[in-house]
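For reference, the structure is listed below as structure tokens.
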Amino acid sequence: MAGFDKVVSSYEEAMAGLEDNMTVIAGGFGLCGIPENLIAEIKRKGTKGLTLVSNNCGVDDFGLGILLPDRQIKKIIASYVGENAEFERQMMSGELEVELTPQGTLAEKMRAGGAGIPAFYTATGYGTPVAEGKEERQFNGRNYILEEAITGDFAIVKAWKADRYGNLVYRKTARNFNPLAATAGKITVVEVEEIVEPGELDPDQIHTPGIYVDRLILGTFEKRIEQRTTRPTSDNADK
Amino acid sequence: MALSREQIAQRVAQELQDGYYVNLGIGIPTLVANFVPEGIEVMLQSENGLLGMGQFPTEEEIDADLINAGKQTVTMATGASIFDSAESFAMIRGGHVDLTVLGAFEVDVNGNIASYMIPGKLIKGMGGAMDLVAGADNIIVTMTHASKHGVSKLLTRCTLPLTGKGCIKKVLTDLAFIEIKDGKFHLLERAPGVSIDEIVKLTEGELVVPEHVPEMTF
Numbered sequence: 000m001a002g003f004d005k006v007v008s009s010y011e012e013a014m015a016g017l018e019d020n021m022t023v024i025a026g027g028f029g030l031c032g033i034p035e036n037l038i039a040e041i042k043r044k045g046t047k048g049l050t051l052v053s054n055n056c057g058v059d060d061f062g063l064g065i066l067l068p069d070r071q072i073k074k075i076i077a078s079y080v081g082e083n084a085e086f087e088r089q090m091m092s093g094e095l096e097v098e099l100t101p102q103g104t105l106a107e108k109m110r111a112g113g114a115g116i117p118a119f120y121t122a123t124g125y126g127t128p129v130a131e132g133k134e135e136r137q138f139n140g141r142n143y144i145l146e147e148a149i150t151g152d153f154a155i156v157k158a159w160k161a162d163r164y165g166n167l168v169y170r171k172t173a174r175n176f177n178p179l180a181a182t183a184g185k186i187t188v189v190e191v192e193e194i195v196e197p198g199e200l201d202p203d204q205i206h207t208p209g210i211y212v213d214r215l216i217l218g219t220f221e222k223r224i225e226q227r228t229t230r231p232t233s234d235n236a237d238k
Numbered sequence: 000m001a002l003s004r005e006q007i008a009q010r011v012a013q014e015l016q017d018g019y020y021v022n023l024g025i026g027i028p029t030l031v032a033n034f035v036p037e038g039i040e041v042m043l044q045s046e047n048g049l050l051g052m053g054q055f056p057t058e059e060e061i062d063a064d065l066i067n068a069g070k071q072t073v074t075m076a077t078g079a080s081i082f083d084s085a086e087s088f089a090m091i092r093g094g095h096v097d098l099t100v101l102g103a104f105e106v107d108v109n110g111n112i113a114s115y116m117i118p119g120k121l122i123k124g125m126g127g128a129m130d131l132v133a134g135a136d137n138i139i140v141t142m143t144h145a146s147k148h149g150v151s152k153l154l155t156r157c158t159l160p161l162t163g164k165g166c167i168k169k170v171l172t173d174l175a176f177i178e179i180k181d182g183k184f185h186l187l188e189r190a191p192g193v194s195i196d197e198i199v200k201l202t203e204g205e206l207v208v209p210e211h212v213p214e215m216t217f
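Below is the structure:
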């Protein structure tokens, strides 16, 4: 690596320094836009006791779900879980700690973490189990709870395209939590489908500026679909 | 007769107005998109980061990078935009979405809603539901009025963990359209052929019944 060139050549190098009991923030929504090869590398490394921050926890044999059988995840902070049987088993038996967090609060916790904001007030979750133990305060007659920001030792991110300086462009709804995760890692690792030379991406079109990115790797992706829903080809209607 | 899932969606769709940005939850709310009245344009917000959700793709159009909040493959409508999850919930929390439709297990006379957890049975998480109910002013909850054993879901006080406190004002069930205000349910409309007695019997929370309760029309 030289200067601003963030490109690394192996997944081993990409996840170097990840140790037991660290916190990892992962981008993705369901199986869409997940850093699938970086997750696979964590499995290969066998790192344990991890706290994972991610909207979901994958399925049994794909995404973060593959870290469950070897008990690599100690705790997960997520908004929606339980698309897989092993997850449910570990949660029910208390082997896996689950902190359910409203989706918008989770996104804002990452955003705040990356932006140097330690906490924020939100109406989301007021008067619900989410508010337990949290400071409450009224503004203009409305009730809010104080939510703390999240940062990670590592953030793992999937983007579509990057230049070698780590400027990122995401594609369609594979963007989701990825730009937020990218800002909130002490070490942010990004895998992409294409890497171009600096200057080839239009600066006006960059979603994540390279300053947030520490390591960049070119990958190939399965992009598994969770709910394959279609309409018949004969239907050409617009709506 | 109690309304079918489609009829509930159809009645909700009558509340749509031209130019509305709308977030539809999973289940019955999703069906509302099929009944948008003639001459009205709405734009659907999907909280995973899409404003302007289109119909399902054809087999050839399927794109793993384009899904809705139910993780189903979708397409984009003309004029759609894409954004990250923080931006998506800024729209929701900031009150920019004109109408939110979502399901529930229970609601009560104080506008509380329980929709995300049944302790010991169903613990999958709230997803975006807590943000949606906290951020939206105009919310319609769609649900069945009672369980199949006849246990009311419109209560004096919710028994399940809450998704939101004091945030629900309108409920459309298979039997009735109900407004919540001043700590009471108010019967606005009834499903065609459903008697007021039946609705009263299946509403555990205090229900105000005006002299004239019109039947829903479709």
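Going line by line, the protein sequences match chains A and B.
Here numbering that gives the first Met the number 0 is used: the first residue of the first sequence is 0, the next is one more, and so on.
Here numbering that gives the first Met the number 0 is used: the first residue of the second sequence is 0, the next is one more, and so on.
Note that beta-carbon positions come from the ideal geometry of N, C-alpha and C, so glycine has one too.
These numbers come from a predicted model, not from an experiment.
Flagged as an interface residue toward chain A: B/N47, by a C-beta distance shorter than 7 angstroms. Only those residues of the region 53–73 of chain B whose C-beta falls short of 9 angstroms from the nearest C-beta of chain A are listed: G53, Q54, F55, P56, T57, E58, E59, E60, I61, D62, A63, D64, L65, I66, N67, A68, G69, K70, Q71, T72 and V73.
Runs of the beta strand (DSSP E) lying entirely within the region 66–96 of chain B and spanning at least 3 residues, in chain order: 75–81. The beta carbon of B/P56 sits closer than 6 angstroms to those of T72 and T74, all from its chain and outside the five residues before and after it, given in chain order. Exclusion of the five residues before and after B/A133 leaves R92, G163 and C166 as the residues of its chain whose Cβ lies within less than 8 angstroms of its Cβ. B/K120 has its alpha-carbon roughly 15 angstroms from the corresponding atom of A/G93. With contacts defined by Cβ atoms closer than 7 angstroms, A/G184 and A/I24 form a contacting pair. Rounded to the nearest whole angstrom, the CA to CA distance from B/D83 to B/R189 is 41 angstroms. Chain B places a beta carbon closer than 7 angstroms to that of A/R227, counting this residue as a contact.
Residues D19 and Q71 of the same chain have their beta carbon placed closer than 6 angstroms to that of A/K47, with the five preceding and five following residues left out of the count. In summary, B/M125 is buried, with 16 or more beta-carbon neighbours lying within 10 Å of its beta-carbon over all protein chains present.
Annotation: the region 20–56 of chain B contains the following complete segments of the alpha helix (DSSP H) (minimum length 4 residues), in chain order: 27–30.
Excluding sequence positions up to five before and after A/L63, its CB lies within less than 7 angstroms of the CB of A25, I38, L51, S53, C56 and G57, all in the same chain and listed in chain order. Segment contact: the region 173–192 of chain A against the region 148–162 of chain A, three or more CB-CB distances shorter than 8 angstroms; contact assigned.
Take B/S80, set aside five residues on each side of it, and the residues of its chain with a beta-carbon closer than 7 angstroms to its own are L50 and G51, in chain order. The beta carbon of B/G204 sits closer than 7 angstroms to those of D107, V108, L153, L154, T155 and F184, all from its chain and outside the five residues before and after it, given in chain order.
Within the region 124–200 of chain A, the complete beta strand (DSSP E) segments of 3 residues or longer fall at 135–138, 141–147, 151–157, 160–162, 184–191 and 193–195, listed in chain order.
When the beta-carbon positions are compared, B/D64 and B/E40 stay at least 7 angstroms from each other.
For a cut-off of 8 angstroms, the C-beta gap from B/S114 to B/G102 is around 6 angstroms, short enough to register as a contact. Leaving aside the five residues that flank B/L131 on each side, the residues in its chain whose CB is nearer than 7 angstroms to its CB run, in chain order, N22, I91, T99 and L101.
DSSP places B/D196 outside any beta strand (DSSP E); the residue lies instead in the alpha helix (DSSP H), whose first and last residues are I195 to K200.
Proximity of B/G78 to chain A, defined by a Cβ-Cβ separation below 7 angstroms, is not satisfied. The C-alpha of A/Q226 lies about 43 angstroms from the C-alpha of B/V207.
The Cβ neighbour count for B/A135, taken over all protein chains shown within 10 Å, is at least 16; the residue is labelled buried.
Of all residues in the region 167–181 of chain A, the ones placed with a Cβ closer than 9 angstroms to any Cβ belonging to chain B are Y169, R170, K171, T172, A173, R174, N175, F176, N177, P178 and L179, in chain order.
Within its own chain, the residues whose Cβ lies closer than 7 angstroms to the Cβ of A/F3, once the five positions on either side in sequence are excluded, are Y164 and G209, listed in chain order. Proximity to B/T158 across B/D62, B/T29 and B/P118 peaks at B/P118, based on C-alpha coordinates.
Bridge partners of B/D107 according to DSSP: B/L154. In the assembly as shown, B/I66 is a buried residue. Its beta-carbon has 16 or more other beta-carbons within 10 Å. Per DSSP, reduced to three states, the secondary structure at B/M215 is coil, with no helix or strand assignment. Per DSSP, A/R70 lies in no alpha helix (DSSP H) and is assigned neither H nor E.
Across the structure, B/V140 and B/V170 are spaced so that their CA atoms are roughly 5 angstroms apart. If you check the CB distance, A/Y125 and A/R136 do not come in under 7 angstroms.
Beta-bridge analysis with DSSP links A/F28 to A/C31. Residue pairing for A/Q226: DSSP places it in a beta bridge opposite B/Q71. Rounded to the nearest whole angstrom, the CA to CA distance from B/I138 to B/K168 is 7 angstroms.
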